[in-house]
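Numbered per full-length UniProt numbering, the sequence shown spans residues 1 to 142.
Note that the Cβ used here is the ideal one computed from N, Cα and C, for glycine as well.
Note that this is a predicted model, so its numbers are computed, not measured.
Here's the structure, in structure tokens; my notes come after.
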Amino acid sequence: MHHQVNCSVHLFLIKEDNILLLKRCNTGYEDGKYSVVTGYLNPGEEIKAAMVREAREVVGIKLIPEDLDFVGILHRHDVEDRVDFFLTAAGWQGKVTNREPETCDELKWVPIFQLPDNMVPFVKKAILNFRNGILYDSYGWD
């Protein structure tokens, strides 16, 4: 039997030198901490298609797959084994709005070089990796 690993997508939505952060609530995981637009891959769903869908569902913007670039991969051992794909968008249509207030207390743009302390740790690590040009890393294996 082969080991199966779940996958997630995460969007580094950047405007000028600011990144969009979402404050988690009522999820049971890292509530009260900031993260980015994130979601799971559905069965049979391609990674960029999942990111397009999640961006629409979470913050109400329209992305096109051709505008998405992969900027990081994190192999994570946390609650479960997971591979996280981090993407940026060259552009988007629509106004960023909180479409999931039941799981997101706040949306805010913060300077990418002045991240808050209360962030989901692996997401903060991925942003720091992105800033430093590190494409692949692991988290939680030691």
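Non-local C-beta neighbours of I47 in its own chain, meaning closer than 7 Å and more than five positions away in sequence, comprise V9, L41 and F85, ordered along the chain.
Taking a C-beta distance under 8 Å as the contact criterion, E16 and G39 do not qualify as a contact pair. The three-state reading of DSSP puts K125 in helix, counting H, G and I together.
Between D117 and T88, the CB-CB gap reaches or exceeds 8 Å.
Straight-line measurement puts the Cα of L21 at about 11 Å from the Cα of V120.
For R76, the enclosing beta strand (DSSP E) stretches over residues L68 to H77. By the neighbour-count criterion, in which a residue is buried when 16 or more other Cβ atoms sit within 10 angstroms of its Cβ, G72 is buried. Around W92, the same chain offers L13, A55, I61, K62, L63 and D67 as residues with beta carbons nearer than 8 Å, after the five sequence neighbours per side are excluded.
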